[in-house]
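A.B. asks: With my numbering applied, the sequence shown closes on residue 512, and no number is skipped along the way.
Glycine included, C-beta positions come from ideal geometry on N, C-alpha and C.
A quick note: this is a predicted structure, and the numbers were derived from the prediction, not measured.
Structure below; questions to follow.
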Amino acid sequence: MSGLSAIMRPPSLAKFLGPDTSQTTIKVFRTFEKCQINQNTVMSCTLRHVDLTGCNISFCNLDHCRLSDCTVTTCDLVNTTFHDSESTESWLEDCEIITCRLALRRFSPDLRALIFERCIDFTKKKTPLILVALRGDPELYQEVLRCFYRLNMFRIRGQNLSDCEKMSEKAVAEMRRLKLSFHRPSPPPLDMFPNIFGKCIKLTHVSMAVFDRAELLRWMGYVVNTFPNLQSLLVSIPVKYYLGIERRSVELKECIDGLNLRSQVKAVRYRVTSSAWEPWIWEVPRGKRFGWHKG
């Protein structure tokens, strides 16, 4: 063993980001370069400029790699950085051993939550990179996962209704926002709606668009009665079958007045639109709850 140093500084999270190789057991003679491997067993491979997180590595040659929460056995390592990783029966040259905790741990949980919120990007239809980066740290991963569940808008449609029961209890317990999209021809019967959503005790916002007006009334009552901590309900009301602007306005007012009476909350127009759907929002004052009169 030569050129061994221990520099006490935290690793850069940015270097954990990149092409992701995960959920695979790698046990063949292969060469990996400039990629990321998470939660795998890697044997008899050559790794160059690879970031490895939570891996068991044996009988490999590593050059300019970064290891986080890994176990290394019988390997040759050159210019490789260890963070919270262990090595046995291995040869190390010009390697760096980092034993301090991730810099994120220096912040309080509240501050970390704010950091995670700014790092979670919903504009791309991919797993947020901060989730990928922290997979190797079980504690921080659970923190950022709770933040993701809290910020994410879960969308329920007819096509994925049967898959809802497969959702993890952690995701359901942390869910804050839910969107119901049953446009055509009509929503499913209420008794087919997954019982798992009765466990969404932290859910505060529901957005829904239901094609049929009669079904809309039933679904709105169901939502109010199912989610005890609901604070806001955004409803897109279908109006495209009404003839003429005047008749449309009358029908819409009658619908809104009826929903106001049932929910005991006065609706506010969410935005002005000329589409076939009128979005209105019901919000309860802080400290109060929705009610629902069957009428």
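(1) Between 279, 258 and 428, which lies nearest to residue 250 when the distance is taken from Cα to Cα?
(2) My parser needs the alpha helix (DSSP H) runs of 4 or more residues fully inside the segment 261 to 337; what are they?
(3) Whole angstroms are fine: how far does the CA of residue 271 sit from the CA of residue 286?
(4) Could you give the C-beta distance for residue 484 and residue 497, rounded to a whole number, given that I count them as a contact under 8 angstroms?
(5) Starting from residue 497, follow its DSSP beta bridges and name the residues at the other end.
(6) Any idea what DSSP makes of residue 414, helix, strand or coil?
(7) When DSSP labels each residue in this structure, what does residue 420 get in the three-state scheme?
(8) Rounded to whole angstroms, what is the Cα-Cα separation between residue 369 and residue 340?
(9) Using the Cβ count rule (16 or more neighbours within 10 Å means buried), how would you classify residue 335?
(10) Among the residues of its own chain, which have a CB less than 6 angstroms from the CB of residue 388, if the five just before and after it don't count?
(11) Taking Cβ to Cβ, would you say residue 306 is nearer than 8 angstroms to residue 290?
(12) Looking at the structure shown, is residue 256 part of a helix, part of a strand, or coil, going by DSSP?
(13) Can you round the beta-carbon distance between residue 281 and residue 266 to whole angstroms, since I take them to be within the 8 angstroms contact cut?
(14) Tell me which same chain residues have a C-beta within less than 8 angstroms of the C-beta of residue 297, skipping the five on either side of it?
C.D. replies: Reading it off the structure:
(1) Here residue 250 refers to the residue found at position 33 of the sequence shown. Out of 279, 258 and 428, 279 has the C-alpha closest to the C-alpha of residue 250.
(2) 326 to 336
(3) Your numbering for residue 286 matches position 69 in the sequence shown. Your numbering for residue 271 matches position 54 in the sequence shown. Cα to Cα, the separation comes out at about 5 angstroms.
(4) To locate residue 484, count along the sequence shown from 1; it is residue 267. To locate residue 497, count along the sequence shown from 1; it is residue 280. The Cβ separation is near 4 angstroms, so the contact holds.
(5) Working through the sequence shown from its first residue, we reach residue 497 at position 280. Per DSSP, 452 and 486.
(6) Within the sequence shown, residue 414 is the residue found at index 197, counting from 1. Looking at residue 414 - three-state DSSP - the assignment turns out to be helix.
(7) Here residue 420 is taken as the residue at index 203 of the sequence shown, counted from 1. Correct three-state label for residue 420: coil.
(8) Here residue 369 refers to the residue found at position 152 of the sequence shown. Here residue 340 refers to the residue found at position 123 of the sequence shown. Taking the straight line joining both Cα atoms gives about 11 angstroms.
(9) As a working note, residue 335 is residue 118 in the sequence shown. It counts as exposed.
(10) Here residue 388 refers to the residue found at position 171 when the sequence shown is read from its first residue. So the list reads 366, once near-sequence residues are dropped.
(11) Along the sequence shown, read from residue 1 onward, the residue named residue 306 stands at position 89. Along the sequence shown, read from residue 1 onward, the residue named residue 290 stands at position 73. It is a contact, given that the beta carbons lie within the stated cut-off.
(12) Translated into the one-based positions of the sequence shown, residue 256 becomes position 39. Looking at residue 256 - three-state DSSP - the assignment turns out to be coil, as it is neither helix nor strand.
(13) The count along the sequence shown starts at 1 and reaches residue 281 at position 64. The count along the sequence shown starts at 1 and reaches residue 266 at position 49. Confirmed, Cβ separation roughly 5 angstroms.
(14) Here residue 297 refers to the residue found at position 80 of the sequence shown. Correct list, in chain order: 279, 280, 281, 282, 283, 284, 309, 312 and 313.
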